[in-house]
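Structure first, then comments.
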Amino acid sequence: MVSRLTPRRRQLRLPLNRPAAVSAMTRPPTVDLMPRSETQRRERDALLRRWGWGLVAALAGILALSAAAYTMTLAADQRHAAAQTRTTELLAQLATLQDVRRALSTEAELTAFRSEAMAADLRWQGVFDTLAPALPEGVGLTGFDLTVGGVPVGEEERETTPGLEGSLTLASPTAIDIAPAVRAVRALPGVLSADARDVTSETGEGAARTYVYGLTVTFDQSVYSDAYAPAADDAVAESEPTG
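By our numbering, the letter at position 56 of the sequence shown is numbered 56, and the numbering carries on one by one without gaps.
Structure, rendered in structure tokens:
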């Protein structure tokens with residue numbers, strides 16, 4: 001009697017408390033069937049897209065900077081044009097004032113010339129009024145030959161610097177003692193020196209005799225009027241309205 005041996009089927013027993021393992025083992029396998037060339041092409045396309053967006057961003061930045069620079073340049077050009085217009089207007093105004101400026105320059109030159117030429121202007125009436133009280137009664141001033149001094153000096157030297165010097169001619173119907181008259185003239189304010197020069201007598205109509213006395217006299221610079229001195233001109237200019 002022949003006995004048959006039947007192989008036992010080996011059963012796989014899985015624990016019930018491991019559902020994830022069962023699911024993993026029972027999931028159908030996945031296989032990437034895409035060709036390598038297609039994968040490389042897609043990678044190249046993605047890289048090109050990234051580079052494209054980068055170029056677009058760079059171009060946008062360049063355009064923004066260019067727009068800002070153009071705006072700044074336009075504003076600067078407008079300011080420059082406004083400044084040029086203002087400069088042109090000012091030049092036109094200056095051109096219209098050329099005549100006024102020339103007139104003012106001429107006036108300043110003439111004023112300076114007048115101040116220099118008339119620096120030794122005298123107070124003639126003051127000189128004669130000063131001499132009159134020193135003359136004896138009946139004696140009159142009939143002539144003079146006086147020379148003006150130099151340019152005015154400072155206040156401290158004014159009373160010691162000659163400003164007017166020369167000769168005076170006095171006439172009297174009677175003879176007088178000239179010495180007291182000379183001393184009286186020397187004592188006058190502004191007189192530096194006075195001396196008798198000569199005495200003559202003249203016979204006029206009707207056998208009337210006139211006695212003529214010559215004196216030399218020197219006045220200091222207090223006899224100057226200072227009407228045209230530069231300081232006086234400056235004071236007048238400051239007192240005038242500048243509007």
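Even for Gly, the Cβ is constructed at its ideal location relative to N, Cα and C. Quick caveat: nothing in here was measured; it's all calculated off a predicted structure.
Residue i - DSSP class collapsed to helix/strand/coil
| i | result |
| --- | --- |
| residue 138 | coil |
| residue 35 | coil |
| residue 217 | strand |
| residue 153 | coil |
| residue 189 | coil |
| residue 177 | coil |
| residue 97 | coil |
7 Å Cβ cutoff met for residue i and residue j
| i | j | result |
| --- | --- | --- |
| residue 123 | residue 225 | yes |
| residue 163 | residue 113 | no |
| residue 145 | residue 115 | no |
| residue 203 | residue 169 | no |
| residue 195 | residue 216 | yes |
| residue 120 | residue 148 | yes |
| residue 212 | residue 181 | no |
| residue 221 | residue 161 | yes |
| residue 136 | residue 178 | no |
Buried versus exposed call for residue i [16 or more other C-beta atoms within 10 Å across all chains shown]
| i | result |
| --- | --- |
| residue 152 | buried |
| residue 62 | exposed |
| residue 74 | exposed |
| residue 21 | Confidence at residue 21 is low in this model, with a pLDDT of 49, below 50, so the placement of that residue is unreliable and no value is reported for it. |
| residue 66 | exposed |
| residue 223 | buried |
| residue 199 | exposed |
| residue 56 | exposed |
Those residues which DSSP pairs with residue i across a bridge
| i | result |
| --- | --- |
| residue 171 | 140, 212 |
| residue 145 | 167 |
| residue 122 | 224 |
| residue 202 | 210 |
| residue 195 | 216 |
| residue 162 | 220 |
**Prompt:** Does the pairing of the stretch 130–149 with the stretch 102–109 give three or more beta-carbon distances under 8 Å?
**Reply:** no
**Prompt:** Is there contact here, the stretch 183–194 with the stretch 74–86, by at least three beta-carbon pairs under 8 Å?
**Reply:** no
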